[in-house]
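Note that the protein sequences, when read in sequence, are chains A and B. First residue of the first sequence? That's 0 in numbering that gives the first Met the number 0, and the numbers climb one at a time after it. First residue of the second sequence? That's 0 in numbering that gives the first Met the number 0, and the numbers climb one at a time after it. Some notes on the structure that comes next.
Protein chains: 2
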Amino acid sequence: MKKILIVGGVAGGASTAARMRRMDESAEIIMFERGEYISFANCGLPYYIGGAIEERSALLVQTPEGMKERFNIDVRVQNEVLSIDREKKTISVNDIANNRKYDESYDVLVLSPGSTPLKPPIPGIDSPNIFTLWNIPDVDRIKSYVDHTKPQKAVVIGGGFIGLEMAENLHDRGMEVSVVEMADQVMAPVDFEMAQIVHRHMKQKKVNLYLGDGVQSFEYHNGLTKVKLQSGKIVEADIVMLSIGVRPQSELAKAAGLEINGRGGIVVSDTLVTSDPSIYAIGDAVEVVDFIGGQKTMIPLAGPANKQGRICADNIAGKNVSYKGTQGTSVAKVFDLTVSSTGVNEKSLKRDGKVYGKDYYTTIIHPNSHAGYYPGAIPMTLKLIFGMDGKVLGAQNVGYDGVEKRIDVIATAIRFGGTVYDLTELELAYAPPYSSAKDPVNMAGFVGENILKGITKPFQWHEFENIDSDVIILDVRTPLEREMGYIENSINIPVDDLRERMVELDKSKKIVVYCAVGIRGYAAQRILEQNGFDKVYNLMGGYTTYSVVFC
Amino acid sequence: MKKILIVGGVAGGASTAARMRRMDESAEIIMFERGEYISFANCGLPYYIGGAIEERSALLVQTPEGMKERFNIDVRVQNEVLSIDREKKTISVNDIANNRKYDESYDVLVLSPGSTPLKPPIPGIDSPNIFTLWNIPDVDRIKSYVDHTKPQKAVVIGGGFIGLEMAENLHDRGMEVSVVEMADQVMAPVDFEMAQIVHRHMKQKKVNLYLGDGVQSFEYHNGLTKVKLQSGKIVEADIVMLSIGVRPQSELAKAAGLEINGRGGIVVSDTLVTSDPSIYAIGDAVEVVDFIGGQKTMIPLAGPANKQGRICADNIAGKNVSYKGTQGTSVAKVFDLTVSSTGVNEKSLKRDGKVYGKDYYTTIIHPNSHAGYYPGAIPMTLKLIFGMDGKVLGAQNVGYDGVEKRIDVIATAIRFGGTVYDLTELELAYAPPYSSAKDPVNMAGFVGENILKGITKPFQWHEFENIDSDVIILDVRTPLEREMGYIENSINIPVDDLRERMVELDKSKKIVVYCAVGIRGYAAQRILEQNGFDKVYNLMGGYTTYSVVFC
Ligand SMILES: Cc1cc2nc3c(=O)[nH]c(=O)nc-3n(C[C@H](O)[C@H](O)[C@H](O)COP(=O)(O)OP(=O)(O)OC[C@H]3O[C@@H](n4cnc5c(N)ncnc54)[C@H](O)[C@@H]3O)c2cc1C
Ligand SMILES: Cc1cc2nc3c(=O)[nH]c(=O)nc-3n(C[C@H](O)[C@H](O)[C@H](O)COP(=O)(O)OP(=O)(O)OC[C@H]3O[C@@H](n4cnc5c(N)ncnc54)[C@H](O)[C@@H]3O)c2cc1C
Ligand SMILES: CC(C)(COP(=O)(O)OP(=O)(O)OC[C@H]1O[C@@H](n2cnc3c(N)ncnc32)[C@H](O)[C@@H]1OP(=O)(O)O)[C@@H](O)C(=O)NCCC(=O)NCCS
Ligand SMILES: CC(C)(COP(=O)(O)OP(=O)(O)OC[C@H]1O[C@@H](n2cnc3c(N)ncnc32)[C@H](O)[C@@H]1OP(=O)(O)O)[C@@H](O)C(=O)NCCC(=O)NCCS
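Structural data, given as structure tokens:
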């Protein structure tokens with residue numbers, strides 16, 4: 000009879016335990032959890048504070064009793080694992096409730112200790128109205144503080160997905176919310192022009208955004224915290240949410256001499272074994288392979304944690320299953336917007352020294368969520384990133400409806416090593432309430448294909464930053480559309496007049512064509528190019544993307 | 000300068016014309032359309048009758064003038080192509096408005112004539128209140144009839160997706176609607192147990208369903224048609240919609256001696272060339288390769304027609320692009336339900352002589368649309384069909400939210416030749432409002448993998464049809480759930496009591512375990528199996544699927 004100990008009783012740990020039992024009815028399985036709760040819905044916590052999730056009990060997906068009855072797991076909550084003796088194959092445990100230390104032996108040990116919110120040593124960070132959100136006691140504390148002190152003003156530090164979910168939920172509770180973010184954008188997984196859509200939406204929701212600014216200090220007095228920013232600005236808060244990132248809880252592993260990477264991540268093999276063959280590790284705490292680039296990285300998400308738990312159990316049960324890497328597919332609801340992405344973003348490619356137009360290309364399109372003639376169609380903003388061989392490297396999508404559907408499709412294509420050519424061929428479900436005969440994913444594929452085959456020359460918004468004054472910027476929209484705003488120094492010839500009026504244009508010059516989203520710009524560019532204009536570029540995303548960045 | 004003639008001005012034809020112009024600014028392109036309108040939204044027609052689409056103009060995606068201005072296409076509406084002279088490379092055309100016949104020469108001819116609704120010679124079929132729906136004049140006729148005569152009772156003949164969309168839209172107009180369908184189920188692309196969910200939903204909406212019954216005759220008198228069924232039943236109708244299928248409009252091709260298949264489909268190569276190298280054909284009228292099985296078939300859908308148009312234009316422009324086949328991904332809104340599918344269904348596998356458990360397996364699961372603890376989660380019914388090697392052959396999904404998203408993901412996996420093992424690994428976007436950490440697609444993959452690896456033995460609802468009286472049927476739900484209904488002759492031991500109470504069961508007997516959806520049944524089955532019970536099966540889809548079929 001195998002004796003399996005699991006450290007951590009939530010996403011990775013509980014999933015391992017459940018699958019383990021299904022694979023091996025006779026094993027002895029003990030799951031240790033420092034906190035009072037197991038199997039809770041980390042991801043649901045913000046919505047309990049906001050009220051969308053009304054019942055606290057809904058957050059508890061499983062209980063120790065349930066795990067005992069269903070899976071015959073010996074669940075020990077309020078039992079913190081203090082150390083591992085790898086020689087003796089034992090762990091030492093602190094039974095917190097009974098204030099008792101004891102040892103437990105193992106054949107196999109599984110670590111799923113998760114991560115923990117960063118709390119840097121900023122002056123005043125321990126003020127009583129500054130909170131982090133990670134588990135049930137956290138959510139109880141925050142909810143009780145909100146319910147009892149009825150804060151009016153909230154400041155969220157950090158514009159990641161948890162920060163923004165908190166911003167929305169505190170806003171739903173009637174607070175005036177400010178978000179402070181060190182980078183020039185929220186939602187790090189998406190690129191700047193995509194984040195700008197989020198910024199605009201949040202401003203519409205009357206959230207104050209402090210971008211490119213960090214916290215210098217917190218000054219707490221009598222229920223109010225003055226958040227002093229590095230810019231000198233001061234923002235007042237009745238409640239502060241700290242959400243600036245997480246670090247792996249790998250102290251236990253480290254103390255036991257297991258291999259740890261520079262960021263504190265536990266190093267594991269593709270079968271999720273640590274440097275000690277009797278010890279597995281999974282979840283937020285482990286280093287994973289980036290599915291796209293193959294390099295090592297850390298991606299703390301629930302989907303990977305759950306799947307790793309299942310794989311880990313299978314391997315302990317004698318199967319030989321490998322975890323092939325994480326591609327970072329994610330989605331977040333930010334007020335009415337859905338923000339979703341998969342694979343690499345352009346920022347990270349640039350950081351790695353890759354050059355746009357040499358190593359990779361991007362497209363931005365604004366297709367409707369479903370057929371335009373059926374009520375409720377709303378445009379999304381879909382960005383696709385792909386290599387010179389067409390291989391899809393990543394995608395980002397921001398909008399209201401059908402957003403994460405397209406990311407899921409592209410994430411699936413990425414999993415199979417798919418190219419933009421593959422995207423053009425995908426046969427996706429179409430009826431007017433759901434999509435268009437050419438789905439947005441097909442459309443992104445078409446545009447990508449056109450770029451790679453030289454049928455269109457793309458021009459990106461960031462290329463305006465050092466554009467030659469000699470370049471002709473040609474607006475091919477209608478005069479009516481132009482009245483609503485246009486790119487400075489552009490001239491206007493509507494696409495449908497272009498065949499007659501192209502004589503007005505200088506063939507020797509570089510021309511950047513734009514329309515509202517890129518479709519007419521593309522048509523215009525094709526007309527010009529086949530009429531002897533050989534330096535014609537089409538602005539990707541058109542005025543829609545331009546204006547969200549620059550206006 | 001190439002001269003390209005296109006027959007048919009809607010989905011396939013107009014797409015070809017637009018792409019063709021973008022590829023070749025100098026070609027002469029003439030598009031012939033028999034009707035008065037081009038580029039209309041066929042798929043939107045039912046919703047204009049029902050009122051969801053309010054403006055008739057919304058149905059006209061492009062106009063002849065628009066196609067002229069944007070793409071310099073010579074669009075000739077009310078011009079019917081009568082014949083093709085392949086030797087001379089000319090077509091003869093009837094200019095209907097001017098009652099004038101003329102010839103036009105071509106270098107390349109493209110046929111996208113579409114299909115037309117079947118209208119079999121049933122007595123009375125030409126009664127003035129019997130309609131088919133295919134184009135704008137049809138929709139005008141129907142809408143005007145509905146607006147003016149205010150029918151109370153509607154009968155829809157045919158339970159395909161267009162028939163059901165019409166049923167919904169006539170119901171939305173306040174009519175009492177009956178649907179008559181020859182087969183024992185509506186929505187042929189899905190299997191019986193899936194269609195049963197649709198039947199139940201339609202009955203809840205007070206639609207009368209006549210299944211397994213055909214029309215013998217129509218008797219029209221004074222605005223009222225008596226629809227006489229083969230069973231002898233008579234259904235009265237103020238309006239009848241005929242929606243029993245379509246046939247390809249390949250007369251032109253046939254008369255020109257082009258190769259035609261047994262079902263009237265124009266035979267084309269993978270580059271969409273007919274048996275005459277100067278003539279291409281696309282859309283509903285052509286025979287396509289079934290992407291899964293490789294056999295020839297006919298799949299009249301807008302997505303394939305549009306994509307074929309683009310590929311056809313590329314080939315005319317000298318590229319060499321092949322159309323790799325159609326997998327039949329589709330979706331329909333049926334009242335509040337979404338019904339979606341991709342790939343092959345079980346019916347067609349059986350028709351081809353394939354045997355369940357020998358050639359293929361299936362799963363049925365009922366996962367939530369998103370995390371159960373976040374408001375609004377609703378279960379879907381997801382059926383997966385896969386080969387013994389794990390290759391995904393098809394999927395069907397019926398439910399309310401996030402239904403076609405999962406089909407799109409599986410359709411994408413199918414396109415890459417994916418297996419159930421691949422589905423377990425897909426990294427899909429997860430946050431509580433959108434999905435679960437293990438997405439329904441992952442979950443279907445898990446169950447499929449468990450079947451193939453022998454971790455679970457599935458039992459399908461249809462196996463109840465000749466079940467041995469000796470088999471123990473074991474209900475592992477709680478007594479409370481059992482009160483709401485159970486399978487006859489089943490005994491009840493809740494899963495959480497099973498470890499203690501399995502002594503009550505006879506190890507020598509075959510046991511079929513069931514719970515509400517299959518998850519606890521699976522847990523129970525694993526417990527029994529590892530305790531020496533070696534003939535334990537888990538009912539796929541649990542009591543939920545059982546009851547929708549049998550109750
Ligand atoms: C507010 C919030 C929202 C989120 N939203 C999403 C989302 O929408 N989508 C998404 O994909 N991910 C989301 N996540 C992330 C997701 O919850 C984590 O990626 C996932 O829970 C990681 O699983 P894990 O098993 O590694 O760690 P956890 O689930 O955090 O579990 C680790 C457990 O180990 C315990 N532990 C640690 N050390 C010890 C020890 N020495 N002894 C005993 N017990 C110990 C901890 O107490 C903890 O309970 C969210 C997280 C939070 C906090
Ligand atoms: C009510 C309805 C709802 C639908 N809903 C959906 C849906 O939700 N999803 C989906 O994927 N598909 C749907 N379809 C099917 C989809 O519309 C067709 O698959 C698609 O339009 C086929 O394109 P096509 O170019 O082959 O034919 P069509 O779009 O039908 O165009 C063919 C045109 O050719 C013209 N023509 C034929 N012969 C001649 C001739 N000799 N001379 C001149 N002109 C000629 C016809 O008048 C016709 O206008 C629906 C169809 C209908 C009618
Ligand atoms: C509650 C918890 C312990 C359940 O773990 P689990 O039993 O592995 O997961 P599920 O209840 O989803 O069941 C999945 C299993 O049922 C099987 N299954 C699902 N539907 C089925 C069906 N209809 N028929 C048969 N089997 C089915 C799956 O194959 C899978 O079994 P496998 O892994 O052996 O293949 C774990 O998910 C958990 O702790 N969750 C909460 C914490 C968390 O994830 N937080 C982060 C996100 S908020
Ligand atoms: C209206 C119609 C003629 C348009 O054809 P189209 O111009 O090929 O299609 P779209 O307007 O969707 O534009 C797609 C083109 O724009 C390009 N494009 C789309 N978004 C773009 C963007 N943001 N930037 C640059 N190019 C873009 C695509 O690459 C594609 O061009 P390509 O085929 O040369 O690669 C045709 O779709 C039609 O007749 N539709 C109605 C009939 C019908 O389909 N009925 C059945 C369904 S109801």
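Cβ atoms here follow ideal geometry from the backbone N, Cα and C, with glycine treated the same way. Source: prediction; values computed, not measured.
Per DSSP, the continuous beta strand (DSSP E) segment holding Asn93 of chain B begins and ends at 89-94. One alpha carbon belongs to Phe334 of chain A, the other to Arg199 of chain B, and they sit about 36 Å apart.
The C-beta of Gly389 of chain A has 16 or more other C-beta atoms within 10 Å across all chains shown, which makes the residue buried.
With respect to chain B, the C-beta atom of Ala443 of chain A has no partner C-beta closer than 8 Å. For Gln248 of chain B, the Cβ falls inside the 7 Å cut-off from some heavy atom of ligand 2.
The three-state reading of DSSP puts Pro119 of chain B in coil, since its state is none of H, G, I, E or B.
Distance from the C-beta of Ser434 of chain B to the nearest heavy atom of ligand 1 is not below 7 Å.
The three-state secondary structure of Phe415 of chain B, taken from DSSP, is coil. Look at Ala255 of chain B here: in three-state DSSP terms it is coil, with no helix or strand label. The three-state reading of DSSP puts Asp137 of chain A in helix, counting H, G and I together.
A Cβ-Cβ distance of about 5 Å is found for the pair Val176 of chain A and Leu169 of chain A, placing them in contact under the 8 Å criterion.
Between Val511 of chain B and Val494 of chain B, the CB-CB gap reaches or exceeds 8 Å. For Met19 of chain B, the enclosing alpha helix (DSSP H) stretches over residues 10-22. Inter-residue distance for Gly162 of chain B and Leu210 of chain A is about 54 Å (C-alpha atoms, whole angstroms). Within the region 508-542 of chain B, the residues whose Cβ lies closer than 7 Å to some Cβ of chain A are Ala522, Arg525, Ile526, Gln529, Asn530, listed in chain order. Per the Cβ contact rule, the region 365-373 of chain B is not in contact with the region 337-356 of chain B (fewer than 3 Cβ pairs under 8 Å).
For Phe334 of chain B, no CB of chain A lies under 8 Å from its own CB, so it is not counted at the interface with that chain. Relative to the non-hydrogen atoms of ligand 2, the Cβ of Gly7 of chain B comes within a distance shorter than 7 Å of at least one. Taking Asn71 of chain B as reference, the option from B:Asp106, B:Asn128, B:Ala13 with the minimal CA-CA separation is B:Ala13. In its chain, beyond the 5 residues on either side, no residue has a beta carbon closer than 7 Å to the beta carbon of Gly352 of chain A. Under the three-state reduction of DSSP, Gly43 of chain B is assigned to helix. With a cutoff of 7 Å, His365 of chain B counts as near ligand 3, since its C-beta is closer than that to a heavy atom of the ligand.
Fewer than three Cβ pairs drawn from the region 306-326 of chain B and the region 148-159 of chain B lie within less than 8 Å of each other, which leaves the two stretches out of contact. Within the region 65-97 of chain A, the residues whose Cβ lies closer than 7 Å to any Cβ of chain B are, in chain order, Glu68, Arg69, Asn71. For Gly398 of chain B and Cys550 of chain B, the gap between their C-alpha atoms comes out near 19 Å. A check of alpha carbon separations from Ala40 of chain A across A:Met30, A:Ala10, A:Met66 identifies A:Ala10 as the nearest. Under DSSP, Ile238 of chain B shares a beta bridge with B:Ala153. Counting along the chain, Arg75 of chain A sits inside the beta strand (DSSP E) bounded by residues 73-76.
Among the residues facing chain B, Ser277 of chain A is not included, as its CB has no counterpart in that chain under 8 Å away.
Residue pairing by DSSP places Ser339 of chain A opposite A:Val330, A:Asn396 in a beta bridge.
The beta carbons of Leu117 of chain B and Gly244 of chain B sit about 5 Å from each other, so the pair counts as a contact at 8 Å. Membership of Ile3 of chain A in the beta strand (DSSP E) is indicated by the continuous run 2-6. Under DSSP, Asp146 of chain A shares a beta bridge with no residue. In this chain, the alpha helix (DSSP H) harbouring Ser546 of chain B covers 541-549. If only uninterrupted alpha helix (DSSP H) runs of at least 4 residues are considered, those enclosed by the region 474-550 of chain A are 478-482, 497-500, 518-528, 541-549.
Contact check for Pro439 of chain B against Met379 of chain B passes: the beta carbons are separated by less than 8 Å.
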